[in-house]
Amino acid sequence: MIIGIDFDNTIADYTGVFHEVARKLGWIPPHIGQSKTQVKEFFITQNQEPKWTELQGIVYGSHITLAPAYQHCLDVLKQLKQQGHKLIIISHKTKYPIIGEPTDLHQAATHWLKEKGFTECGTAPINVNDIYFNETKSEKVEQIKLNKCDVFIDDLEEILAHDQFPKQCKKILFSDQGSSLYDCIDTWADFNSKI
């Protein structure tokens, strides 16, 4: 089976990271919640969307090392590889931040994957040639098609609902909000039960 996997907020867990970095920069008050959504909502309600965009570039670039992998993710992916499944990372991520320092976000994510044991070590479940960072959501969906994924897991419903998403590919939503439209998990420990 060919299993496609999103990267940000599916493999890399940014819970608390946006809050921590924004606090260190003095951009948010301490009472703002820890989730990415809560931090984003603060910037939007304060009419500071450019600051939110800049913060994303910082977190996904120079501060990506603050993000751990989701619990059980690496172990589950190693098991899947041992069972003979092909694992492919297909992500939607601009190469450089729209605002702020010109950090190579693709390189930062690739380095993170290596440092966390997902690539370039004896037990790594992902081959570096099977990592695709796409500039647009449409390119991401096209990459899912080109790689003939049997299964794809993503935290964004809009990717799974894309009108060009391949019909034969099983969709799994990675979210703690649940879904009536897709198989949904909020922990990697439940992934095998959905494929």
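Under my numbering, the letters of the sequence shown match residues -14 to 180, in that order.
Ideal placement from N, C-alpha and C gives every residue a C-beta, glycine not left out.
In this text, all values refer to a predicted model and were calculated from it rather than measured experimentally.
(message) Let me check one thing: in DSSP terms, what residues is Ser165 bridge-paired to?
(response) Residue pairing by DSSP places Ser165 in no beta bridge whatsoever.
(message) For Ile17, which residues in the same chain have their Cβ closer than 8 Å to its Cβ, ignoring the five residues on either side in sequence?
(response) Within the same chain, and ignoring the five residues on either side of Ile17 in sequence, the residues whose Cβ sits closer than 8 Å to its Cβ are His4, Ala7, Gln23, Val24 and Phe27.
(request) State whether the stretch 159 to 168 contacts the stretch 131 to 143, with contact taken as three or more CB pairs (one from each stretch) at a distance under 8 Å. (result) Cβ pair count under 8 Å is three or more, so yes.
(message) Taking only three categories from DSSP, how would you classify Ile17?
(response) Of the three classes helix, strand and coil, the one that applies to Ile17 here is coil, per DSSP.
(message) My assumption, with CB atoms under 8 Å, is that Gly42 sits in contact with Ile84. Please give the rounded CB distance.
(response) That belief holds up - the Cβ atoms of Gly42 and Ile84 are roughly 6 Å apart, short of 8 Å.
(message) Residues in the same chain with beta-carbon distance under 8 Å from His147, minus the five sequence neighbours each way, listed in chain order, please.
(response) Lys122, Ser123 and Val126, listed in sequence order.
(request) In the DSSP assignment, find the beta strand (DSSP E) that holds Val136 and state where it starts and stops. (result) Taken as a continuous stretch (DSSP letters only), the beta strand (DSSP E) holding Val136 covers Val136 to Asp139.
(message) Extract the residue ranges of the alpha helix (DSSP H) inside the stretch 36 to 98, only unbroken runs of 4 or more that lie entirely within it.
(response) If we require 4 residues or more, the alpha helix (DSSP H) runs fully inside the stretch 36 to 98 come out as 58 to 67.
(request) Taking all protein chains shown into account, decide if Gly107 is buried (16 or more other Cβ within 10 angstroms of its Cβ) or exposed. (result) Burial state of Gly107 is exposed, judged by a 10 Å Cβ sphere holding fewer than 16 other Cβ atoms.
(message) Quick check on Asn177: does DSSP put it in helix, strand or coil?
(response) Note: Asn177 maps to helix in three-state DSSP.
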